[in-house]
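56 is the number of the first residue of the sequence shown in the working numbering; add one for each residue after it.
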Amino acid sequence: MNTRLFALFALLPLFLAATPAPEGGVPVIPVNAIGTLREATPSQYGTLTRVKVDGQPFAEALRCEVTAKPGHAWGIQFQFRTTRRVEKGEVLWARFYGRTVAAKTESGEGRACAIFERGSPPNEKSLGLDIDLGREWKEYFLPFKSLNTYEAGKASSGFHLGALEQTLEIADFEVFSYGKGYDMGRLPRTRAAYAGQAPDAPWRAAAAARIEQHRKADLRVRVTDAAGQPLPGAKVTVAMKRHAFGWGSAVTVKGILQQDADGEKYRSVIEKHFTRVVFENDMKWHSWDNPAHHADILKATDWLRARGIEVRGHNLIWPSWRNTPKDLQALKGDPAALRQRINRHIADEVAALRGRLVDWDVVNEPYDNHDVTDILGNGELIAWFKLARENDPDVRLTLNDYAILSAGGLDTRHQDHFEQTLRFLKDGGAPITGLGMQAHFGGAPTPPARMLAILDRFAALGLDISITEHDIDTTDEQLQADFTRDFLTTVFSHPAVTAVLTWGFWQNAHWRPNAAYYRSDWSLTPAGQVWLDLVTKTWWTSAALESAADGTARTRGFLGDYEITVTHNGTSKTVPTKLSKAGATVDVSL
56 MNTRLFALFA LLPLFLAATP APEGGVPVIP VNAIGTLREA TPSQYGTLTR
106 VKVDGQPFAE ALRCEVTAKP GHAWGIQFQF RTTRRVEKGE VLWARFYGRT
156 VAAKTESGEG RACAIFERGS PPNEKSLGLD IDLGREWKEY FLPFKSLNTY
206 EAGKASSGFH LGALEQTLEI ADFEVFSYGK GYDMGRLPRT RAAYAGQAPD
256 APWRAAAAAR IEQHRKADLR VRVTDAAGQP LPGAKVTVAM KRHAFGWGSA
306 VTVKGILQQD ADGEKYRSVI EKHFTRVVFE NDMKWHSWDN PAHHADILKA
356 TDWLRARGIE VRGHNLIWPS WRNTPKDLQA LKGDPAALRQ RINRHIADEV
406 AALRGRLVDW DVVNEPYDNH DVTDILGNGE LIAWFKLARE NDPDVRLTLN
456 DYAILSAGGL DTRHQDHFEQ TLRFLKDGGA PITGLGMQAH FGGAPTPPAR
506 MLAILDRFAA LGLDISITEH DIDTTDEQLQ ADFTRDFLTT VFSHPAVTAV
556 LTWGFWQNAH WRPNAAYYRS DWSLTPAGQV WLDLVTKTWW TSAALESAAD
606 GTARTRGFLG DYEITVTHNG TSKTVPTKLS KAGATVDVSL
């Protein structure tokens, strides 16, 4: 999973006039920070220049001219080191003005990513928010919390600018601390919005029609008496038991095996609500390389399978030095030994888990994890898929990557690379059966219409699409709930999508605690309630019917497993059935 990329947000300011920092704030970066920069800072990707500004509450701005898009948004940036100690949990508040002068986008808007991060690797971010800037000066407010404690000068805050070829201007950038325990709700916040968020947005009716067409089928129950004659007037209860669609989450071996009250609750949520899961880290190479982990991984996997919960494997190779065991990099001068080490791992893990998994992410995030293929060549990707198939003939094999639906849906380089890699695999005879799209978002989403267009593009490849890692990391709970509703509706409505897995569900076991559906005390967040309402109510079928004169009761239901109970004159019979896309006819004789 990539921890550096955050979602694109079109932000709509609440405050149009200059707003002073709320009382009690202490500056965290230099006062008049932009004024401390050099007059001009050139680089291979563009130039940062301080310019004079008239008619605004500030006299100077930083003009950020990006003339060549770098491989990553952080390829051109500016940041300021912190001037005081910042403790974990401190409430911070950033404010700035911004506008776009020019940008190569259909909307004419540019994009900057506001950052607060550790000043050295691994550069974990307490703030990482992509912001669309309009052509007019607007003021933006961003409250957030520090994820860690940093001594003075050990963290930094500023902007990544390399998302587009563009010219932006940013002014009056400040960051203040309000200490631990401060009510973040008291701080001004720029509210995020996205196209299609409105309750009456036109895309909703089309999505509902697709769900009706692709996620439901006709169910017919024919009731007869002991003589085989149609039996009218029988009570027919249709009770859905399980979705055919893969609704689920990332889970942990520790959580499943934990023997306390939280462990009981953790298992109960999984058992009650999920049809498919993925282990967050336990099947990754670093974990699997420790044989002491194997028994617990198998135990947790078998617990899930015993309850009919499908398990996908993540992942066999994440082909960069930073995401593989340390000994791999030492083999970079010996391609044969490097290949042998990788192949031995793939064969070992796939064989050991054969028959227990429904999917394997064979390769993860090849867009920016390619140290290994730089040495062995891209043909090795095909070889890895073939090796996985040799060791498990039945498991589905997928390629997984990020920033396809997120990043505003506008990371075209990443999308193009993903498509090219998928076509390369297919054309090369790799036994690939699906693709995985991660879907990590921050405080504002990619518009549904844009996501649907991206799904259409990749569906044309003829592979099943799984949403493998979904979450929305924001403290704006209303926005989170709205986009949970709209993201799930969007992907569930697309016929090529077969599963949606959130990247965790409980705040105490989530890589981004703000994104969890369940709080630490197991109460539902608004987004969690939206997920539950959609998956277990809106997209769930329960019906009480009566057989007609011909002995038949009819309904239309969501695809999945059912129990049909027929009652007449005090006699009942319950029959299990499966409703597939072809529909189902159930014969019940009383």
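Quick reminder that beta carbons are idealized off the backbone N, C-alpha and C, glycines included.
Practice task
Could you check the C-alpha separation between Val308 and Asn336 for me, to the nearest Å?
Solution key: 9 Å
Handout entry: Cβ-based burial, Glu161 [other Cβ within 10 Å; buried from 16]
Key = In this predicted model, Glu161 has a pLDDT of only 48, less than 50, meaning its place in the structure is not dependable; the value taken from the coordinates is given anyway. Burial call: exposed.
Practice task
Under 8 Å Cβ to Cβ from Leu92, same chain only, skipping five residues before and after it: list those, please.
Solution key: Leu103, Arg105, Leu117 and Phe133
Handout entry: Simplified DSSP assignment, three categories, for Ala282
Key = coil
Exercise for the section: Could you check if Gln221 is buried or exposed, using at least 16 other CB atoms within 10 Å of its CB as the buried criterion? Expected result: buried
Handout entry: Rounded straight-line distance, which links the Cα of Leu412 to that of Gln284
Key = 45 Å
Handout entry: Other residues of its chain near Leu490: CB distance less than 7 Å, five sequence neighbours each side excluded
Key = Thr453, Leu454, Leu477, Phe513, Leu518 and Ile520
Exercise for the section: Inspect the beta-carbon positions of Leu219 and Val332 and report whether they are closer than 8 Å. Expected result: no
Exercise for the section: With 8 Å as the threshold, decide whether the Cβ of Glu120 is near any Cβ in chain B. Expected result: Reference to chain B is not applicable here, since this structure consists of a single protein chain.
Practice task
Using DSSP bridges, identify the partner residues of Glu115.
Solution key: Lys107
Handout entry: From Ser635, Thr607, Phe440 and Ala637, residue whose alpha carbon lies closest to that of Gly288
Key = Thr607
Handout entry: Three-state secondary structure (DSSP) of Asn455
Key = strand
Problem - Lys636 versus Arg241: straight-line alpha-carbon distance, rounded - result: 51 Å
Handout entry: Three-state secondary structure (DSSP) of Thr428
Key = helix
Problem - Alpha-carbon spacing of Pro177 relative to Arg377, whole angstroms - result: 11 Å
Problem - Option in Lys159, Lys209 and Glu267 with minimal Cα separation from Ser175 - result: Lys209
Practice task
List the endpoints of the continuous beta strand (DSSP E) containing Phe329.
Solution key: Looking at the DSSP string, Phe329 is not in any beta strand (DSSP E), and its letter there is neither H nor E.
Practice task
Flag this pair as touching only if the region 308-327 and the region 556-576 have three or more C-beta atom pairs under 8 Å; answer yes or no.
Solution key: yes
Problem - Nearest-angstrom beta carbon gap, Ala128 and His215 [assumed within contact, 8 Å] - result: 4 Å
Practice task
Please go through the same chain and pick out, in chain order, the residues whose beta-carbon is closer than 8 Å to the beta-carbon of Tyr573, but skip the five residues on each side of it.
Solution key: Val324, Phe560, Trp561, Gln562, Leu579, Thr580 and Gly583
Practice task
Look at the Cβ atom of Ala272, then the Cβ atom of Gly638, and state whether they are nearer than 8 Å.
Solution key: yes
Exercise for the section: With Gly615 as the anchor, note down where its beta strand (DSSP E) starts and where it stops. Expected result: Gly615 to His623
Handout entry: Close Cβ partners of Glu142 (< 6 Å) along its chain, the five nearest in sequence each way excluded
Key = Thr204
Practice task
Determine, using beta-carbon pairs with one atom in the region 389-398 and one in the region 355-363, whether at least three such pairs fall under 8 Å.
Solution key: no
Exercise for the section: For Arg567, collect the residues of the same chain with a Cβ closer than 7 Å to its Cβ; drop the 5 residues on either side in sequence, then sort them by chain order. Expected result: Asp526 and Asp528
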